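Chemist: Numbered per our numbering, the sequence shown spans residues 74 to 243.
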Amino acid sequence: MTGIDVPPVIDDSNMLLAEDEGPAAALRAFIRAVTAVASARDREVGRPFADVLTRVREVALALAASPESLSALDAEEAMPQRAVLDVLEREMWWYAWHYRSADPTRPPAVPASLQQRFGPRRGDPQREQAVEDAETIIGSVDKLLDQLPGPLKKALHAVLEILRLTHGIA
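1. Relative to the C-alpha of L100, which residue among D159, R128, E205 is closest?
2. So does the segment 162-173 actually touch the segment 103-116, counting three or more Cβ pairs closer than 8 Å?
3. Mapping DSSP to helix, strand and coil, what is R194?
4. Can you name, in chain order, every residue of its own chain whose Cβ lies under 6 Å from the Cβ of P96, other than the five neighbours on each side?
5. Considering only residues of the segment 106-140, which uninterrupted alpha helix (DSSP H) runs meet the minimum length of 4 residues and lie entirely inside it, listed in chain order?
6. Compute the Euclidean distance between the alpha carbons of W167 and P224, then round it to the nearest angstrom.
7. Would you say Q246 and R114 are within 8 Å of each other, going by their C-beta atoms?
8. Taking DSSP as the reference, what is the three-state secondary structure of G95?
9. May I ask which residues mark the beginning and end of the alpha helix (DSSP H) holding D176?
10. Just the C-alpha distance for S139 and E117, rounded to the nearest angstrom, thanks.
11. Does P224 come out as helix, strand or coil in the three-state DSSP assignment?
12. Could you give the residue range of the alpha helix (DSSP H) that holds L217?
13. How would you label D215, buried or exposed, when you count the other beta carbons within 10 angstroms and need 16 or more for buried?
14. Within 10 angstroms of its Cβ, does D124 collect 16 or more other Cβ (buried), or is it exposed?
15. When the Cα of T239 is compared with those of L221, A133, L218, V204, which residue comes out closest?
16. So what does DSSP say about H230, is it helix, strand or coil?
17. According to DSSP, is D147 part of a helix, a strand, or is it coil?
18. To the nearest angstrom, how far is the alpha carbon of D93 from that of V232?
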């Protein structure tokens, strides 16, 4: 990456349990889901982005766990934007649940109450709708969470770019 101090890699294997809720947990679930979709699309085109995608995922998850990110997503500190943050949180949970088939080895850790609300329908990670949905949510993150660290936003955009690049290059 260009001039960005890379945070230490963290083990996220047990970071998001089903009872872990809130905007920070939704962001981590969204990052895992969008990178799983990108990885599934990458596999379809011969894995040209596998190494960079793995690294960007690690960096994005580490940045999402940073004190700056957690502060930006803290519901108490974001009171004026609370309703907007709630909507964004639901969108991130929805993406993680809807595109859960992108990584069948790892069940999505979406709160049970939301799983029931979202229903059994699954999105196809190979369809362009998966990219459009990710673009919408990342666009909302950009607009609504100005205080979210810039490097995290850049990492999200890197994943989005990989999603876009994996379309039609086979």
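The beta carbon of each residue, even a glycine, is placed where N, CA and C say it ideally should be. Note that the coordinates shown come from a computational prediction; the quantities given were computed from them, not determined experimentally.
Modeler: Answer, in terms of the structure:
1. D159
2. yes
3. coil
4. L146, L158, E162
5. 123-137
6. 24 Å
7. Residue 246 is absent from the model: the chain starts at 74 and stops at 243.
8. DSSP, reduced to helix, strand and coil, places G95 outside both helices and strands of the structure shown, so it counts as coil.
9. No alpha helix (DSSP H) contains D176, which DSSP labels as neither H nor E.
10. 33 Å
11. helix
12. Per DSSP, the unbroken alpha helix (DSSP H) holding L217 starts and ends at 201-217.
13. exposed
14. exposed
15. V204
16. It is helical.
17. In the structure shown, D147 sits in coil (DSSP, three-state: anything other than H, G, I, E or B).
18. The straight-line gap from Cα to Cα measures roughly 24 Å.
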